[in-house]
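Residue 364 is where the sequence shown starts when you use my numbering, and the numbers rise one by one after that. Glycine included, every Cβ here is placed at the ideal spot set by N, Cα and C. Quick caveat: nothing in here was measured; it's all calculated off a predicted structure.
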Amino acid sequence: MARLRVRVHLDAGGHVGPGRADLLAHIATHGSIAAAGRAMGMSYRRAWELVEALNDAFSAPLVQTAHGGARGGGASLTPLGEEVLHRYRAIVDAATQATMANLVALQALAPPPARKPD
């Protein structure tokens with residue numbers, strides 16, 4: 364099935380797309396940038412770079428971190444981070460609904476997927 368990928372470019376130069384949104388969701392779920400990166404198959408360094416880019420793209424940070432201690436560090440979404448993730452997902456849902464008939468029509472014009480050998 365054809366699918367739509369949405370990337371929102373902001374006037375200040377940052378952007379939010381499916382990968383960055385998934386990273387935010389994984390941080391919310393796992394409570395850690397490292398664990399979120401592992402869940403997505405990316406290095407800790409790459410996950411941190413994306414978090415920094417997201418934090419820099421908005422008026423306030425989307426992810427807040429806590430340094431180690433007896434229980435170790437962690438990360439969580441700020442209220443702004445939760446709102447950005449929610450609004451991005453809403454944009455994707457609305458765009459997908461608005462384009463569904465055209466996605467189906469485009470897919471019908473493409474050849475069927477190649478069959479994998481047994």
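| Check | Outcome |
| --- | --- |
| For Ile454 and Val369, the rounded distance between their alpha carbons | 8 Å |
| Cut-off 8 Å between Cβ atoms - residues of its own chain near Gly380, not counting five sequence neighbours on either side | Arg368, Val369, Arg370 and Val371 |
| Local conformation of Leu367 per DSSP, three classes | coil |
| Short Cβ contact (8 Å threshold) for Ala391 with Gly400 | no |
| Residue range of the beta strand (DSSP E) that includes Ala429 | Val426 to Ala429 |
| Reduced DSSP category for Gly382 - H, G, I as helix; E, B as strand; rest coil | helix |
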